[in-house]
Amino acid sequence: MDDTLDFHLLNDFQRDFPLCPAPFAELASRLGVAEKVVLGRLDNLRREGKISRVGAVFAPKRIGASTLAAMAVPPEKLAAVAAAVNRFPEVNHNYEREHRYNLWFVVTAASEGRLQATLGAIEQAAGYRLMPLPLLEEFHIDLGFSLDGKRQKREVAAVPVTPVQPIGEIERRLISVLQEGLPMFIRPFQLIANRVGSSESDVLGRIRAWLEEGAIKRFGVVVRHHELGFRANAMLVHDIPDDRVSELGRALAVEPAVTLCYRRPRCLPDWPYNLFCMIHGKARDEVEAIIANLRQRHGLDDCAHETLFSLTRFKQNGARYA
7 MDDTLDFHLL
17 NDFQRDFPLC
27 PAPFAELASR
37 LGVAEKVVLG
47 RLDNLRREGK
57 ISRVGAVFAP
67 KRIGASTLAA
77 MAVPPEKLAA
87 VAAAVNRFPE
97 VNHNYEREHR
107 YNLWFVVTAA
117 SEGRLQATLG
127 AIEQAAGYRL
137 MPLPLLEEFH
147 IDLGFSLDGK
157 RQKREVAAVP
167 VTPVQPIGEI
177 ERRLISVLQE
187 GLPMFIRPFQ
197 LIANRVGSSE
207 SDVLGRIRAW
217 LEEGAIKRFG
227 VVVRHHELGF
237 RANAMLVHDI
247 PDDRVSELGR
257 ALAVEPAVTL
267 CYRRPRCLPD
277 WPYNLFCMIH
287 GKARDEVEAI
297 IANLRQRHGL
307 DDCAHETLFS
317 LTRFKQNGAR
327 YA
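Just so you know, we're using my numbering here: the sequence shown kicks off at 7 and counts up by one.
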């Protein structure tokens, strides 16, 4: 099939995916092709590594528990330590970054207790102390990538992290299945319903409710940015006065170049930074220019900051909450 169809599948349906009994037929109708063509192309894109799945992107700490963590590892031991960290299924992202704290990973679990137990086990397996940096306030978390340069206008509000509400057994099973992505079949939600012991309409209703509540950030095609040419990945961190961090976080979150923006705790004396932004681009100099422009326009020149570019991607999977 031609590249135009692939582009539309990758770009247009990262969100606003049809939540109906036959979603791939609906996609095919919108694109003017047969349903089997859509299923075949999505399967090929997954095999090629350009997408990780079609499905839900859950909001951090709305369902289950999660944290960003970092380790300072001697460079000669980094690969071995990264492999030890990767063995934990609770670890979904694991990157080498340019910093003394050179290993950065995300850990998710079904509960706060399970998360803390996993962090302890990772620390023991790795042989190095980890620095946990849990989410305190989110400004923009979406994980979507515009491939045509057009950015949707964002409505941004500072959202403090609230305690996770207990979920029922059916919902827990649904999360467990959804985190694997939609099966590439004609009636995927019916298959999911059969697996969790529910009905198709109830599954669709629960997904829609989670989207409305914000527990699911978006539902659609989840692309792998590196394979699509976004190879310059930088984490920009600032030390912002506490009384200004929410204001500046909201301002940075609406910037088209910012793909993630949130507040995390300082961890003194080693880590004085509390405002995090992710910027993805196709070249390092492009990202550096974006960062310089952002800092100048938002009056951040006097705020201590660091830019941590990614060097090695050790792991990139969907979060595992169940």
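Glycine is no exception: its CB is placed at the ideal position from the N, C-alpha and C atoms.
Between the alpha carbons of leucine 210 and phenylalanine 195 lies a distance of about 7 Å.
In this structure valine 113 is in contact with glutamate 96, their Cβ atoms being roughly 5 Å apart against a cut-off of 8 Å. With contacts defined as CB atoms closer than 7 Å, alanine 62 and phenylalanine 225 qualify as a contacting pair. In chain order, Leu16, Leu48, Leu51, Val227, Val228, Val229 and Arg230 place their CB closer than 8 Å to the CB of isoleucine 57, counting only its own chain and leaving out the 5 sequence neighbours on each side.
When secondary structure is reduced to three states using DSSP, isoleucine 213 falls in the helix class. Between alanine 78 and asparagine 108, the beta carbon gap of about 7 Å places them in contact (Cβ cut-off 8 Å). Under the three-state reduction of DSSP, lysine 83 is assigned to helix. In the structure shown, the three-state DSSP call for proline 140 is coil. Assignment of arginine 103 by DSSP, reduced to helix, strand and coil, places it in the strand class. With a contact defined as Cβ atoms closer than 8 Å, proline 66 and leucine 141 qualify at about 5 Å. With fewer than three CB-CB distances shorter than 8 Å, the region 306-316 does not count as touching the region 180-189.
Burial state of lysine 223 is buried, judged by a 10 Å Cβ sphere holding 16 or more other Cβ atoms.
Comparing alpha-carbon positions, the option among Ile147, Phe94 and Gly70 lying closest to alanine 132 turns out to be Phe94. In the DSSP secondary-structure assignment, phenylalanine 111 is bridged to Ala75 and Asn100. Leucine 242 places its beta carbon 7 Å or farther from that of cysteine 267. Spanning the alpha carbons of glycine 220 and arginine 303 requires a straight line of approximately 30 Å.
Going by DSSP, histidine 286 is part of the beta strand (DSSP E) stretching over 281-287.
With respect to valine 251, arginine 269 sits close: the two C-beta atoms are nearer than 7 Å. Beta bridge pairing from DSSP links glutamine 20 with no other residue. With a threshold of 16 other beta carbon atoms within 10 Å, asparagine 98 meets it and is buried.
Counting the other Cβ atoms within 10 Å of the Cβ of alanine 298 gives fewer than 16, which makes it exposed.
Leucine 74 sits close to leucine 139, with the two beta carbons spaced by under 7 Å.
Collapsing the DSSP output to three states places alanine 34 in a helix. For leucine 45, the enclosing alpha helix (DSSP H) begins and ends at 41-53. Secondary structure at arginine 250: coil, using DSSP grouped into helix, strand and coil. Exclusion of the five residues before and after threonine 265 leaves Met284 and His286 as the residues of its chain whose Cβ lies within less than 6 Å of its Cβ. By the neighbour-count definition (other C-beta atoms within 10 Å, threshold 16), glycine 174 is an exposed residue. Within the same chain, Leu25 come within 8 Å of arginine 214 by CB-CB distance, once the 5 residues on both sides are set aside.
Taken atom to atom, the span from the alpha-carbon of proline 27 to that of alanine 85 is near 44 Å. Rounded to whole angstroms, the separation of the alpha carbons of aspartate 208 and proline 271 is 38 Å.
Only residues of its own chain outside the window of five on either side were considered, and among them Ala71 and Ala115 have a CB closer than 6 Å to the CB of leucine 121, listed in chain order.
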